[in-house]
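Asks: One structure, pasted below without further comment.
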Amino acid sequence: MPSLMKWMRQSNVIELCYCLSPHDIEGLTLEVQAQKPTLYPCTGQNKAIEYLECSISSGVGCQFLEVLEICRDLLMIPEEEKSKFVAELEAHGRANLSNGIDRTRLCNNWINKCQQEIETYHPRWNTRIQQWKNEKRQQNKNADESIVEWYQREQSQGVFSMECPIRRCQLFAVLQPALNQVHQQRMSVINKCEHELGIDFDNETSGIEDISRHYQLLNGVAVQSAFHQILMLHQENANEGVQTFVGNVLTALHRLPDKRGETMLWKEEKKRWKNILQQLVEDRAPKVNEPTFNSPLIGGCKPLKENVIAQLLNEHGKFRNNKICGGQRDVIPISLQANEPAIIYAKAWPEMPGMSYLMEQCHHRIIGHGTYHSELVCLRYANGDSIPVLCSEAIHGPTLQEVFDKDPSILNTLDHQHYTELLFVALLTNPEDGLPTNYIVRRLMDNETYTLVSIDHDHALFPDWLPDKKSDTLQLQIKTILFCLGHMHQQINSIARQKFLALDARQTMESIFRDTQTQNEVYEKMFPSDMIRRWHHNSDQSCTVPIPLKKGDAAAIYTRWLKLRTLLHRHSDVTGLQCLIQIHPKAGITYGDALKKYKDPIRILAQLGRYQLNKHGVLASNTRALHTLTRAKVSMQVSKNLKTSYWGLKDLTPAEALAELDQLSYQQHQLETIYKELSSGNMNTFEELLSVEHQALILRGDSERGLPPFNWNTLSDKQQLKLCQIVQSRPFEKLSIRGFNLKSWYLYRYDIGGPNTLTVKIKNFFSGMPNLSWLDVSDTMIDDQGLSAIAAHCPILQILIAKRCSQLQGMLLSIFPSLSEAVLDESRLITLNIHANKLACLQANYCKHLTKVEIPFEMPILKKWEMIGATALTSLKLRAPFLESLQLSECSVIENIATSSNALSVLDIQGCNKARNPRKHEISENYSMLSIGIVPSISSATK
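Mapping to the working numbering: the sequence shown position 654 is 655, numbers consecutive.
Here it is as structure tokens:
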């Protein structure tokens, strides 16, 4: 491969893009004119711009297209204004250099001066700059890349063309450190790419998968563009076989996302969508009394073409009435020519267009398919009135409802990878109205398989459950046909899994919400608050602008992402249903039960979603997304199970949601970093943490955040003792010492006071933790005496986890006054004598040495007892009058079972061939004998 750096230097790309300093704005024009003079004989800004455009269109320098456009923006600043800025800069230099200030400090002073002026005249810019600086202080490694992307988006939407040129110079000066840093990062990555890719085009020893894996490590679409350019240069000068090989590589890379979910294909698709929209309007200023569309994507306010007016408006010049399949809103198909299929569907008064935009961003960033393009425009009538209209790309094909009705066999040819990826997005975004009429079934390019495209998705980000409008009864809110298909029982697609795991959750989420924040700012300019008030006052229709979010929405998506990522990392063979159960346990079990009970997906969705058939005989939406907003109060009583009122949660703007996400992702990043340091034996940062809660979180792990429990046995004995000293000095309420070698107290003569016995050492260790309520001692050599000592010194201990404890035999002499849940799986129990009046749940699965359990104490609160796989257990006698669930499957030699319960409703004794069932009076009317399978259980201690 020819040297990329050499090729770039020959093309003068590096010098062209990055010669600037904050003090040399004027020098840019001279620099550009000094490059390639043979391309243009004349001088001046216009020719410089032409050169840049020529370079871009010819492919030279296209790998730095985004930064080149920033330079071009500066070239367009009028000479007079630029001269003023340079004169101010020179005066600043003359006034300060004489005072002995070094040039670096002088530069910083000038940047601070520019920012102070920006604070005065442009609060929105200032807000974004402060956000960038806060991210830098929090050591967010993507802060510079993010602010540069923001600058490029503002520029591409024409925002800067309306600003005072001197202000543009000041903004560029303030952002120059970020531009320089991004340049260095990209050059570093390209250098690494050049040396490490090692593609042998002649021998084709590098497969497409290897190249794709390297490609995904490239940070930023601009750098990926450079890689595309290199491949294209090789393709042009190669033989037919290599050309085919490189062509296949380019096709694969075209759809491959970077770590933020950005693809080359999506950028091209956005350009195509922009061209489609522009075909609806005339490229000129509107005349008086002309109907217009207003949107930045079409260049502002433009008059509609005559054929579009004829299709869109009635004889009175108003939006036509046309409801499709009994929908709630008027929707008009628009074609460019007669007898041609529609290219756009225009919906008047869309309910929540901003949520549609957010869901489009989620689909595009996370999986790259599954939705369409849309744009909210302002339609102004000839009389001056205006309404919001959502223009959506036309997706042709039958709806999923029509496929169910006419040819359900098509569902057998759904593309497995596409379905798995759609499932992932649904798991993260909680769709509330995923009806079959809201999906188009579309044939893929291979003409053998099909995929689904969502055409209505503004009902999203709902909680799993909410109370009924007229009662306190909780009702399922995650409702989508995707969860009702038989495909849920299939193992997830391996390619979809790999692609999802390759994404960076934090970067992708930040990109999604930053795009949404930018779009929200566009909406606010297009639809001022007074216009929205007039709409709601003069019309019975409603449209929620700007983009609405609830407090916690962004954090909830991020948390679910981490949880799904952890699941996919650990289990490559999970099914779609198992993913749903892990991410949304109660909802997953509900769907699982329905999938067993019914075979028809439509019936499953109708039952779970409480849908009714409309006059067309199809399921119809029975909710409005608007009702989730605080400002759209609805009269509902919130169940006590919810703990808090969902409708009382604060409505957030995308910018506020992004701040919430930033805080959570920063905290997650810090915790992961400290976890890695601790695993390597570096305890300094862990020890310096002020929050005991964060220390506890690192030790016990958190499945919600994808953080596994910390295993003390990854450390040496000496390191474990040092960590032990740190832990003992803090008042933990939740603590895990999983894998701690208790014998290390003897090996290193660790003195924590008292006689040299393990029980006493355990007593002294826990004596300073009277408020301990949660404890994990799994994979330790703790014995009965040690556990009894903990019970005596931790009176409010509620949850105890002691898995795989080889010295634990089950003779616990002390009383556990507050214990509500105990998990003792795979420990070496021989019997179990536990005195815990408040125990509600006990789990002791696969304790192979357990022979007899006879507890003489009454357990008045016990609801669930689980002893699966205790193959030596012969007798179980409990005094638990309110026991509801007893699971003893695979206890093959058990003979006697007595519980004293009148409330038993679930009994699992599958494989207990010698067992005599509990007496009839112990079984309630709700009793169900599980002859096949095991009841799914979710333990709060083992989540």
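C-beta: ideal position from N, C-alpha, C; glycine also.
Which residues in the same chain as Asp672 place their Cβ atom closer than 8 angstroms to its Cβ, once the five residues preceding and following it in sequence are excluded?
Replies: The question names Asp, yet the displayed sequence has Leu at residue 672. Hits under 8 angstroms: His695, Leu698, Ile699, Arg706 and Leu708.
Asks: With respect to the beta strand (DSSP E) encompassing Asp777, which residues constitute its N-terminal and C-terminal limits?
Replies: It spans Trp775 to Asp777 - the beta strand (DSSP E) in which Asp777 sits, taken as one unbroken run.
Asks: Leaving out five residues on either side along the sequence, give the residues of the same chain with a beta carbon under 8 angstroms from the beta carbon of His794.
Replies: For His794, where only same-chain residues beyond five positions count, the Cβ hits under 8 angstroms are Lys764, Phe767, Ser768, Met770 and Pro771.
Asks: Looking only at C-alpha atoms, which of Met510, Gly159 and Val854 sits nearest to His364?
Replies: Checked all of Met510, Gly159 and Val854; the closest Cα to His364 is Met510.
Asks: Please classify Met163 as buried or exposed, where buried requires at least 16 other C-beta atoms within 10 Å of its C-beta.
Replies: That one is exposed.
Asks: Beta-carbon within less than 7 angstroms of Lys142's beta-carbon, same chain only, minus the 5 sequence neighbours each way: which residues are those?
Replies: Result list for Lys142: empty, nothing under 7 angstroms.
Asks: Roughly how many whole angstroms lie between the Cα atoms of Asn290 and Ser147?
Replies: Each residue's Cα considered, the two are about 42 angstroms apart.
Asks: Which ranges does the alpha helix (DSSP H) cover as unbroken runs of at least 4 residues, wholly within the region 360-412, from first to last along the chain?
Replies: Runs found: 401-407.
Asks: Rank Gln726, Thr781 and Cys725 by C-alpha distance to the C-alpha of Asn742 and give the top, closest one.
Replies: Of the candidates Gln726, Thr781 and Cys725, the one whose C-alpha sits nearest the C-alpha of Asn742 is Thr781.
Asks: Would you report the Cα separation of Val149 and Asn135, rounded to the nearest angstrom?
Replies: Cα to Cα, the separation comes out at about 15 angstroms.
Asks: Going by C-alpha to C-alpha distance, which of Ala347, Ile482, Thr654 and Ile388 sits closest to Pro953?
Replies: Because the chain is modelled from 2 through 944, residue 953 falls outside the range shown and cannot be assessed.
Asks: Can you tell me which of the three DSSP states Gly262 falls into?
Replies: Coil, per DSSP.
Asks: Alpha carbon to alpha carbon, how far is Ile727 from Lys719? Give it in angstroms, no decimals.
Replies: The straight-line gap from Cα to Cα measures roughly 13 angstroms.
Asks: Looking at the structure shown, is Asn897 part of a helix, part of a strand, or coil, going by DSSP?
Replies: In the structure shown, Asn897 sits in a strand (DSSP, three-state: E or B).
Asks: Count the CB pairs spanning the region 385-403 and the region 330-345 that are closer than 8 angstroms, and state whether there are at least three.
Replies: Segments in contact, yes.
Asks: To the nearest angstrom, how far is the alpha carbon of Ile802 from that of Thr900?
Replies: When rounded, the distance between both Cα atoms is 24 angstroms.
Asks: Can you name, in chain order, every residue of its own chain whose Cβ lies under 8 angstroms from the Cβ of Glu661, other than the five neighbours on each side?
Replies: These residues qualify, in order along the chain: Lys552, Gly553, Ala555, Ala556 and Leu653.
Asks: Would you call Ile895 buried or exposed, if buried means 16 or more other Cβ atoms sit within 10 Å of its Cβ?
Replies: Buried.
Asks: How would you write the range of the alpha helix (DSSP H) that Thr519 sits in, first residue to last?
Replies: Residues Ala506 to Met527.
Asks: Using 8 angstroms as the cut-off, can you tell me whether the region 354-371 makes contact with the region 417-430, which would need three or more C-beta pairs spanning the two stretches below that distance?
Replies: Counting Cβ pairs under 8 angstroms, three or more are found: they touch.
Asks: Looking at C-beta atoms only, is the number of pairs between the region 457-468 and the region 347-360 that lie closer than 8 angstroms three or more?
Replies: Output reads yes: the region 347-360 touches the region 457-468.
Asks: Quick one: is Glu522 buried, meaning 16 or more other Cβ sit within 10 Å of its Cβ, or exposed?
Replies: So Glu522 ends up on the buried side.
Asks: Run through the region 267-322 for me and flag every whole beta strand (DSSP E) of 3 or more residues, listed as ranges in chain order.
Replies: Qualifying beta strand (DSSP E) stretches, in chain order: 293-296 and 301-304.
Asks: By Cβ distance below 7 angstroms, which residues in the same chain neighbour Ser815 in space, the five residues on each side in sequence not counted?
Replies: Cβ within range, chain order: Ser789, Ala792 and Ala793.
Asks: Please name the residue or residues paired with Met945 in a DSSP beta bridge.
Replies: No answer is possible for residue 945: the residues shown for the chain start at 2 and end at 944.
Asks: Within a Cβ cutoff of 7 angstroms, which residues of the same chain sit near Lys723, ignoring the five residues on either side of it in sequence?
Replies: So the list reads Met684, once near-sequence residues are dropped.
Asks: When every heavy atom of the ligand MN is checked, does at least one fall within less than 6 angstroms of the C-beta of Gln476?
Replies: The ligand content of the structure shown is nil, which means the ligand MN is not present either.
Asks: CA-CA distance, Pro529 and Arg535?
Replies: The alpha-carbon atoms of Pro529 and Arg535 are separated by roughly 10 angstroms.
Asks: Please report the residue range of the beta strand (DSSP E) in which Gln476 lies.
Replies: Element bounds for Gln476: Leu475 to Leu477.
Asks: In the DSSP output, what is Cys842 paired with across the bridge?
Replies: Note: Cys842 sits in a beta bridge opposite Glu822 and Lys865.
Asks: Taking the straight line between their C-alpha atoms, what separation do you get for Trp466 and Leu475?
Replies: Cα-Cα distance, rounded: 6 angstroms.
Asks: Is Phe501 helix, strand or coil by DSSP?
Replies: Looking at Phe501 - three-state DSSP - the assignment turns out to be helix.
Asks: State the DSSP-derived secondary structure class of Val546, mapped to helix, strand or coil.
Replies: Reduced to three states, the DSSP call for Val546 is coil.
Asks: Would you check if the distance between the CB atom of Lys1 and the CB atom of Ile856 is smaller than 7 angstroms?
Replies: In this structure the chain extends from 2 to 944, so residue 1 is not present and cannot be described.
Asks: In the structure shown, what three-state DSSP assignment does Pro437 receive?
Replies: Here Pro437 sits in helix by DSSP.
Asks: So, under 8 angstroms CB-CB, Val442 and Leu453 are touching, yes? Tell me the CB distance rounded to an integer number of Å.
Replies: Confirmed, Cβ separation roughly 6 angstroms.
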